[in-house]
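Notes for the one structure printed next.
Residue numbers (the numbering used here), protein chains in the order written: chain A, 1 to 294; chain B, 1 to 341.
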């Protein structure tokens with residue numbers, strides 16, 4: 001099968017995990033890892049797999065743009081906004097942005113992937129967004145969600161320097177996407193880091209307030225379960241911790257996201273859901289690309 | 001004004017938990033005005049979980065916390081109004097709004113091992129012209145060496161002071177002694193201490209902290225703070241006065257206000273209840289108290305069991321959602337057992 005060549009910008013936790021998932025893809029081919037430190041573990045690993053290595057950042061790639069058809073940005077919101085965005089736009093290549101920069105349209109594969117396949121740049125929101133927006137969307141399919149609030153708790157070990165330096169961007173971008181993609185009138189996001197050992201598996205709580213307490217409870221529950229199934233097709237470790245709690249007009253859902261353990265261990269579901277979702281987007285873009293040539 | 005110890009009154013922030021975040025503009029103005037008249041140098045006003053804390057997770061505020069800060073500033077006189085901000089809950093936007101309405105000090109709170117998420121916010125606070133304080137919550141969950149490493153990070157981000165925060169009211173005096181001593185010896189900025197009275201040690205621990213060199217101490221009038229409350233401000237003032245340590249706070253004015261707070265704000269007298277004691281004993285975040293009691297009623301399980309389980313799971317501040325989850329799991333298990341029998 002034909003494959004699109006992939007470049008990954010950023011050789012940290014996300015970039016390295018992404019690379020390992022792309023190795024398994026039928027339609028994406030890992031081509032080049034772009035970092036800024038030749039001794040970083042991500043670049044060393046990429047080299048050991050026989051991929052191209054660029055250690056002087058995006059500048060190095062701009063000299064060899066033929067190395068990739070699709071670029072994943074796994075750096076930071078600041079780097080994406082201030083440096084990468086403009087440079088990549090000129091190359092006319094597909095860009096999947098994993099930082100919370102939120103320039104391209106927000107994409108959650110289980111909610112709005114198909115209608116964004118032709119965009120040149122899409123944004124993957126945040127790990128908390130990828131985990132919780134599908135549920136808010138599932139509920140808002142049945143009844144208008146007035147207010148959606150999510151709490152993402154991740155293990156300290158799975159939060160790299162990018163996440164830590166971008167914590168405001170996390171809460172703000174997630175809140176906005178809860179509204180734009182989830183369909184809530186108002187969104188709020190909270191992120192908590194927990195250093196417990198052994199590390200805890202990523203957990204997410206979603207509280208939704210509906211317009212009134214008269215809604216079709218059964219339809220809401222069914223919609224939630226269906227959505228969990230849909231997400232778990234591309235994020236196998238995605239599951240409900242307990243059944244949804246309905247209390248008047250408030251619905252509370254507890255989720256757990258277990259990773260595949262590609263680069264970081266299974267507790268880092270936050271990493272996994274970002275990279276798995278991003279791979280799903282890249283694969284659908286690739287299929288769409290080849291389809292239009294048939 | 002010559003003060004050996006700078007007291008920050010936290011009843012209008014930590015005490016917000018006790019009143020389920022229902023403070024009104026009038027209450028904030030009345031208290032702030034009188035605290036200022038008594039000479040309290042710093043008065044903290046925010047949602048209990050910091051700016052932006054108003055939520056289903058922690059409880060919605062009756063009045064937006066920026067409005068409360070603004071109201072406090074109007075009557076603060078010589079006192080500086082402080083705000084608390086927990087990165088991950090509140091953002092720099094909240095900090096900017098607070099600075100715009102006149103807040104003079106920002107305390108940036110992180111879990112004791114996560115100081116690096118405070119960098120953006122400490123720098124922003126300095127940039128906004130505020131005094132910037134690092135606030136290491138749940139300090140009992142880290143070794144003294146780890147605490148020092150994290151406090152040092154905050155110093156390197158430009159913090160004017162760093163606080164050892166005993167959010168669970170879990171420290172014994174010797175724990176406080178070791179930690180404050182280590183920080184005082186190795187850092188060049190002010191050291192602060194924030195206690196909870198869950199084991200009835202808040203005043204004693206605050207004294208130990210002062211002996212070891214801490215010069216910023218938090219108190220809540222009438223113990224109006226989460227769990228069993230904090231170091232009772234008026235008691236601390238009296239005790240420090242006996243020791244000849246100057247706070248420059250008028251004891252009688254504080255006593256009058258304490259009576260008023262007891263009569264008009266506190267839903268019930270502050271006692272060390274079984275749940276509070278268990279929080280100190282098992283090292284659980286004091287703000288969980290009301291939430292655990294509520295979940296206990298709702299799911300018919302013992303609040304003490306919920307709190308012990310939270311301690312066992314090493315749950316950190318902010319994880320109020322886990323309380324409902326744990327209570328629900330326990331209820332299901334209980335139901336399962338009953339059916340089995």
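Cβ coordinates follow ideal geometry from the N, Cα and C atoms, glycine included.
Given that a residue counts as buried once 16 or more other Cβ atoms are within 10 Å of its Cβ, and exposed if not, what is residue 49 (chain A)?
-> exposed
Nearest to residue 212 (chain A) (by Cα), restricted to the options A:242, A:15 and A:247 | A:247
Against chain A: residues of the region 70-102 of chain B by CB proximity under 7 angstroms | 87, 88, 89, 91 and 92
Please go through the same chain and pick out, in chain order, the residues whose beta-carbon is closer than 7 angstroms to the beta-carbon of residue 303 (chain B), but skip the five residues on each side of it.
-> For residue 303 (chain B), where only same-chain residues beyond five positions count, the Cβ hits under 7 angstroms are 275, 292, 293 and 296.
Rounded C-beta distance between residue 300 (chain B) and residue 168 (chain B)? I'm assuming under 8 angstroms.
-> Wrong, their Cβ atoms sit about 26 angstroms apart, outside the cutoff.
Within its chain, find whatever has a CB closer than 7 angstroms to the CB of residue 275 (chain A); leave out the 5 residues flanking it on each side and keep chain order.
-> Result list for residue 275 (chain A): 14, 17, 18 and 21, in chain order.
Around the C-beta of residue 24 (chain B), are 16 or more other C-beta atoms found within 10 angstroms, so that it is buried, or is it exposed?
-> exposed
Cβ pair count under 8 angstroms reaching 3, the region 132-150 of chain A against the region 8-26 of chain B | no
Interface residues of the region 254-268 of chain A facing chain B [CB-CB below 7 angstroms] | 254
Would residue 271 (chain A) pass as a contact of residue 264 (chain A) if the rule is Cβ separation under 8 angstroms?
-> yes
On the three-state DSSP scale, how would you describe residue 126 (chain A)?
-> coil
Should residue 120 (chain A) go down as buried or exposed, given a rule of 16 or more other Cβ atoms within 10 Å for buried?
-> So residue 120 (chain A) counts as exposed.
In chain A, which residues lie with their C-beta within 9 angstroms of the C-beta of residue 316 (chain B)?
-> 153, 192, 193, 194, 195 and 196
Which chain B residues are close to residue 156 (chain A), counting only those with a beta carbon under 7 angstroms from its beta carbon?
-> 113 and 114
Could you please give the first and the last residue of the uninterrupted alpha helix (DSSP H) stretch that includes residue 289 (chain A)?
-> 269-291
Who are the near neighbours of residue 119 (chain B) in its chain, counting only those whose CB is closer than 6 angstroms to its CB and skipping five residues on each side?
-> 157
Contact under 8 angstroms by Cβ, residue 301 (chain A) with residue 209 (chain A) | For residue 301 (chain A) there is no data in the structure shown, the boundaries of chain A being 1 and 294.
Which value, in whole angstroms, describes the spacing of the CA atoms of residue 142 (chain B) and residue 288 (chain A)?
-> 51 angstroms
Can you round the beta-carbon distance between residue 151 (chain A) and residue 321 (chain B) to whole angstroms, since I take them to be within the 8 angstroms contact cut?
-> 5 angstroms
When you compare only the Cα positions, how much space is there between residue 41 (chain A) and residue 79 (chain B)?
-> 52 angstroms
Note down, one range per segment and in chain order, each beta strand (DSSP E) of at least 3 residues found wholly within the region 137-187 of chain B.
-> 161-165
Amino acids of chain B, ordered along the chain, whose beta-carbon sits closer than 7 angstroms to that of residue 37 (chain A) = Those do not exist, as residue 37 (chain A) stays about 19 angstroms from chain B at its closest Cβ, beyond 7 angstroms.
Partner residues on chain B for residue 164 (chain A), Cβ-Cβ distance less than 7 angstroms = 116 and 117
Report the option in A:196, A:233, A:281 and A:142 whose CA atom is closest to the CA atom of residue 312 (chain B).
-> A:196
Ordered list of beta strand (DSSP E) runs contained in the region 25-71 of chain A, each at least 3 residues = If you keep only unbroken beta strand (DSSP E) runs of at least 3 residues inside the region 25-71 of chain A, you get 28-34 and 52-54.
Would you mind reading off the limits of the beta strand (DSSP E) that contains residue 316 (chain B)?
-> Run containing residue 316 (chain B): none; DSSP gives neither H nor E here.
Which chain A residues are close to residue 328 (chain B), counting only those with a beta carbon under 8 angstroms from its beta carbon?
-> 242 and 245
Tell me, please, which residues DSSP counts as bridged to residue 109 (chain B).
-> B:135
Neighbour list for residue 144 (chain A) in chain B, Cβ cutoff strictly below 7 angstroms = Within chain B, no residue comes near residue 144 (chain A); the closest Cβ sits about 17 angstroms away, beyond 7 angstroms.
For residue 34 (chain A) versus residue 12 (chain A), is the C-beta spacing smaller than 8 angstroms?
-> no
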